[in-house]
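The listed protein sequences correspond, in order, to chains A and B.
Residue 362 in our numbering sits at position 362 of the first sequence; the count goes up by one each step and never skips.
Whatever position you read off the second sequence (first residue = 1), add 1000 for our numbering.
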Amino acid sequence: MPDAVHVSFRRTDGIRLPPLGVGLWVDRLASAEVLARQLERLGPNHVDILVDLRQSDGLNRLETALVPCGHQQVAIWLYVITPDEQPGPALKQLAYRLNGTGIQPAGLLLTPAAYLASYQPNGDWPTTVSPDALRALGREIWPTMRLGGGFPTYFTELNRCRPNPAAIDFLTHATSPVVHAADDVSVMESLESLSHVFASARALAPNVPYRVTTSAIGAWTNPYGGTLTPNTAGERVTLSDNDPRQRGLFAAAWSLGYMARAIGRVDSLTLSSIDRPFPITDTEQRYPLFDVLRGLAAGAGHEALACVPEDDTIAALGWLATDGSGDVWLANLTAQARDIDIGDAYRAAVFDDGIEPDDIASDEWPLDRLEPRSEPLTLAPYAVARVAVPPAMIDGHST
Amino acid sequence: MTATDPTLIRRYGTATPEVAPQPLTVGRTTLSWHGGAIRRLTFDGIEILRGISMVIRDAHWGTHRPIIRASEIVRTSPTLELRHEGDIADTHGDALHAALHISLSETYLDARLRLIAARPFETCRSGLVVLLPLAHVVGQRAVVTHDDGREETGRFAERISPSQPFFSIRRLRLAPTPKLAMTLDFHGDVFEMEDQRNWSDASFKIYNRPLAWPAPYRLDAGECVEQRITLTLETNKAEASHA
């Protein structure tokens, strides 16, 4: 095994952990009961709901999804796909139904269906209603609502069709690492590009909140070729919504790496979804990703710690807990075991491939069981760990 | 250590493992040979290329998976020689034969691709792809020699470009560090570059056949395509051109 990786910890003062939420596709949600149960156990800071108004039962399904969200008092961000022809009546119906539920979304993104496809910068763009024009229509219906600019698809689409920054209340897009390559190494390498993506997006609208909406290893739609890659066998393929790694530690480690890059760079982050296309449980078991998202969502609003590993094989993030210690989360982003040097007295919990998946209804949370340690921490391939770092090891701690 | 099925499933959600990368060293140059592609080529620990590989697309931009006939390290000295050959089959049998040969010394890489169509073959793009890493590249000056011989000096932008940063690349020169210059030469087609950070890939991609050309296109029966990319590294000469 290579030498132990040293990780250093420093206070950041002004930087807070962004809220972390999950996505929800109303047409793929099994039931309101599933949603209610998962929201309660996961504790997301918000839910990004995607509804396609071209689907005849879209509004009914939306209502079904909103009720449990209302009971949990979780913030709702609505990502709405509209018909390209005459979107006005569809928006008015949406407004009417929303009023009926008594639930006010925190914000709305309106996307004309033609803009789910990608266009070359100098190519032929749709002649139907544009996102800017659709938002203007939305303003007439929702004069006080936050209306966003951007896309529910990938950064590329935002970069090629930039909203007027003065006309939007938030900026948003998603990412997927499997557009061009789906092997394990490429997917983890994609984390390296995120700081570039976040800085480039932020520069398009520096004065409004920047939300990265539902992102996962898979792709929920293919803006470049119309259809997703058929993948019933669950292989590692590009542009698929059935990536096998979603179920494994791999996705937990990747998501932790994503949050590590997002801290200080985005105002809000949404990873994976309740039910398809990026589920965090199956009907029987929680995926490791569930436990990581639950843990990181609890950190929202706390002062972030700068957690700097010596090399990029390890992802690290953390925040200052109320007792002055660091609540630090680590992930091994490689297929080789790594030792982490954290000093000689700390507490830690490890989630690796030696741990049986937990039952969907279980109240066992492996990452909540921290135990005293004194040796370097060994992380198996794609293992995730949670560490309570003593205050004395944090640079800038109050003495 | 061999991982057992339940272990693999807990890691990857599938018991199917990937081919493990094979680390190789040629003097001060290291690389990983991974499924017929070169990845992470470094010199003195500085990453020079994120990858170099052959990519055969179908008529809908899907990526063919060739049936591999040979994939091997032919020899490791005095130069490293790598060979990766395969066939793309359709319902009538083999349609395209692809052979990639790579030769590498400490400061020189030569990648040659030969494609031979057994029958008319529809493709959106078939050829060699080079990936440049982000570290030591973003923000650097790039000198591009175009196919018409014209020279253009540009930069790898900090902000992600929505359109291709460089077109018609015959030669690309940049200096990853003040002490190291690299030159890439492209032969056999028109090459251009995409800022792949748009899709959260950690690379700039240089690929054959401009996106603006019609796709798919057809390779006729018996047609032979030959492409070649070379990489030349020079140390201690780059002080002046580094920006």
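No residue lacks a Cβ here, since even glycine has one placed at the ideal position from N, Cα and C.
For residue i, which three-state DSSP category applies?
i, result
"Ser31 (chain A)", "coil"
"Thr399 (chain A)", "Bear in mind that a pLDDT of 49 at Thr399 (chain A), under 50, signals an unreliable position, so the number given afterwards is only what the model happens to contain. Of the three classes helix, strand and coil, the one that applies to Thr399 (chain A) here is coil, per DSSP."
"Trp319 (chain A)", "strand"
"Leu370 (chain A)", "coil"
"Asn99 (chain A)", "helix"
"Ala1243 (chain B)", "Residue placement at Ala1243 (chain B) cannot be trusted, given a pLDDT of 46 that sits under 50; what the coordinates show is reported in the next sentence. Here Ala1243 (chain B) sits in coil by DSSP."
"Thr1235 (chain B)", "strand"
"Val7 (chain A)", "strand"
"Gly226 (chain A)", "coil"
"Thr429 (chain A)", "There is simply no residue 429 (chain A) to check, as chain A begins at 1 and stops at 399 in what is shown."
"Asp1005 (chain B)", "helix"
"Arg265 (chain A)", "coil"
"Pro1162 (chain B)", "coil"
"Val22 (chain A)", "strand"
"Gln1196 (chain B)", "helix"
"Ser118 (chain A)", "coil"
"Trp254 (chain A)", "helix"
"Glu375 (chain A)", "coil"
"Gln1140 (chain B)", "coil"
For residue i, which option in the options has the closest C-alpha, if you only look at C-alpha atoms?
i, options, result
"Arg1114 (chain B)", "B:Thr1004, B:Leu1008, B:Leu1219", "B:Leu1219"
"Val208 (chain A)", "A:Arg236, A:Pro165, A:Pro68, A:Val26", "A:Pro165"
"Asp27 (chain A)", "A:Pro44, A:Val80, A:Val7, A:Glu40", "A:Val80"
"Thr101 (chain A)", "A:Arg294, A:Ala65, A:Trp319", "A:Ala65"
"Leu367 (chain A)", "A:Ala106, A:Ala136, A:Ala90, A:Asp291", "A:Asp291"
"Gly1036 (chain B)", "B:Asp1005, B:Glu1085, B:Tyr1012", "B:Glu1085"
"His1060 (chain B)", "B:Thr1123, B:Tyr1012, B:Leu1172, B:Arg1173", "B:Thr1123"
"Asp124 (chain A)", "B:Ala1212, B:Asp1201, B:Val1019", "B:Ala1212"
"Tyr410 (chain A)", "A:Ser56, A:Thr221, A:His46", "The first residue shown for chain A is 1 and the last is 399, placing residue 410 (chain A) beyond what the model contains."
"Gly1027 (chain B)", "B:Gly1154, B:Leu1041, B:Pro1021, B:Thr1014", "B:Leu1041"
"Leu256 (chain A)", "A:His46, A:His6, A:Asp312, A:Leu228", "A:Asp312"
"Leu3 (chain A)", "A:Ile314, A:Met145, A:Trp329", "For the record, residue 3 (chain A) in the displayed sequence is Asp; it is not Leu. Per the Cα distances, A:Ile314."
Span of the beta strand (DSSP E) holding residue i?
i, result
"Ile1102 (chain B)", "1093 to 1104"
"Cys69 (chain A)", "Where Cys69 (chain A) is concerned, there is no enclosing beta strand (DSSP E), although the alpha helix (DSSP H) it sits in stretches over 58 to 72."
"Tyr109 (chain A)", "What sits at residue 109 (chain A) in the sequence shown is Leu, not Tyr. From DSSP, the beta strand (DSSP E) with Leu109 (chain A) extends over 107 to 112."
"Pro131 (chain A)", "Unbroken run through Pro131 (chain A) is the alpha helix (DSSP H), 131 to 141; no beta strand (DSSP E)."
"Pro1178 (chain B)", "No beta strand (DSSP E) holds Pro1178 (chain B); DSSP gives it neither H nor E."
"Ala388 (chain A)", "384 to 389"
"Asp282 (chain A)", "Element bounds for Asp282 (chain A): n/a, residue is neither H nor E."
"Arg211 (chain A)", "210 to 215"
"Ser1071 (chain B)", "1067 to 1075"
"Glu1081 (chain B)", "1080 to 1090"
"Ile274 (chain A)", "Note, Ile274 (chain A): premise wrong, no beta strand (DSSP E); not H, not E."
"Asp327 (chain A)", "326 to 332"
"Phe1263 (chain B)", "Only positions 1001 to 1243 of chain B appear in the structure, and residue 1263 (chain B) is not among them; the question remains open."
"Thr1025 (chain B)", "1022 to 1026"
By the DSSP assignment, the alpha helix (DSSP H) with residue i in it spans what residues?
i, result
"Arg245 (chain A)", "First-last for Arg245 (chain A): undefined, no H or E at that position."
"Leu204 (chain A)", "184 to 204"
"Gly295 (chain A)", "288 to 297"
"Thr156 (chain A)", "155 to 160"
Does any residue of chain B bring its CB to less than 8 Å from the CB of residue i?
i, result
"Phe170 (chain A)", "no"
"Asp282 (chain A)", "no"
"Val179 (chain A)", "yes"
"Val185 (chain A)", "yes"
"Pro143 (chain A)", "no"
"Pro206 (chain A)", "no"
"Asn99 (chain A)", "no"
"His196 (chain A)", "yes"
"Glu375 (chain A)", "no"
Does chain A have any CB closer than 8 Å to the CB of residue i?
i, result
"Gln1022 (chain B)", "no"
"Leu1134 (chain B)", "yes"
"Asp1090 (chain B)", "no"
"Ser1163 (chain B)", "yes"
"Gln1140 (chain B)", "no"
"Leu1128 (chain B)", "no"
"Asn1208 (chain B)", "no"
"Val1097 (chain B)", "In the sequence under discussion, the amino acid at residue 1097 (chain B) is His, which differs from the Val named in the question. So, not an interface residue."
"Ser1200 (chain B)", "yes"
Just checking residue i against the ligand PLP - is the residue's beta carbon closer than 7 Å to any of the ligand's heavy atoms?
i, result
"Ser1032 (chain B)", "Summarising the ligand content, the structure contains no ligands, and the ligand PLP is consequently not present."
When burial is assigned at 16 or more other CB atoms within 10 Å of the CB, is residue i buried or exposed?
i, result
"Lys1205 (chain B)", "buried"
"Pro1133 (chain B)", "buried"
"Pro177 (chain A)", "buried"
"Gly1254 (chain B)", "Residue 1254 (chain B) is absent from the model: chain B starts at 1001 and stops at 1243."
"Cys1224 (chain B)", "exposed"
"Ile1229 (chain B)", "buried"
Using beta carbons (cut-off 8 Å, strictly below), is residue i in contact with chain E?
i, result
"Thr1014 (chain B)", "The chain inventory of the structure shown lacks chain E, comprising the protein chains A and B."
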